[in-house]
Amino acid sequence: MSGRGKTGGKARAKAKTRSSRAGLQFPVGRVHRLLRKGNYAGACGSRRPVYLAAVLEYLTAEILELAGNAARDNKKTRIIPRHLQLAVLTIAQGGVLPNIQAVLLPKKTEKGGGHRAAPDSSSAGISKGSVRSRSKPQDYILK
-19 MSGRGKTGGK
-9 ARAKAKTRSS
1 RAGLQFPVGR
11 VHRLLRKGNY
21 AGACGSRRPV
31 YLAAVLEYLT
41 AEILELAGNA
51 ARDNKKTRII
61 PRHLQLAVLT
71 IAQGGVLPNI
81 QAVLLPKKTE
91 KGGGHRAAPD
101 SSSAGISKGS
111 VRSRSKPQDY
121 ILK
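Here it is as structure tokens:
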């Protein structure tokens, strides 16, 4: 007699979300649906939403951490919009300190202590007036 029940047959494996497979908190399935419905590209692969969800999760965690630090600095236990604004500004003004290797700096000539003459730029179609020489390493640092 063919009956249904707990006897015989394999039990179906428990469903596992793509977010848990990727080790993410952000919903990969929802990101995939929004990518498909948003007409951002002709086709949307299976790895794109995972990557995008990971990037969104990272950025959110970074902003929340900085906002939490700002709230703690102000002796508050809750994050308010001002703390979020300070966190975004901290990220926007961030960066690395400029550092130029000595090998990459222009070499000095023996006489006069100036720079080497620039190669002839007439073949490249650049006028000599447009070539600027910089004398100090500080001139290479963007301000």
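Sequential numbering of the sequence shown, starting at -19, is according to this note's numbering. All C-beta atoms in this analysis are idealised placements derived from N, C-alpha and C, irrespective of residue type, glycine included. Since the model is a prediction, treat every value here as computed from it, not as a measurement.
Kindly indicate which residue of the options has the alpha-carbon position closest to the one of residue i.
i          : options           : result
residue 64 : 73, -3, 54 and 48 : 48
residue -2 : 52, 34, 16 and 23 : 34
residue 66 : 54, 76 and 26     : 54
Exposed or buried, what is residue i when buried is set at 16 or more other beta-carbons lying within 10 Å of its beta-carbon?
i           : result
residue 46  : buried
residue 61  : exposed
residue 50  : buried
residue 102 : Confidence at residue 102 is low in this model, with a pLDDT of 49, below 50, so its placement is unreliable and no value can be given for it.
residue 29  : buried
residue 8   : buried
residue -11 : exposed
Which residue or residues does DSSP assign as beta-bridge partners of residue i?
i          : result
residue 17 : Paired residue(s): none; residue 17 is not in a bridge.
residue -6 : Beta-bridge pairing links residue -6 to no other residue.
Can you find the residues in the same chain that come closer than 7 Å, C-beta to C-beta, to residue i, ignoring five residues on each side of it along the sequence?
i          : result
residue 70 : 46
Roughly how far, in whole angstroms, is the beta-carbon of residue i from the beta-carbon of residue j, given that I think they are within contact range, below 8 Å?
i          : j          : result
residue 14 : residue 37 : Not a contact, Cβ separation roughly 15 Å.
residue 32 : residue 11 : 5 Å
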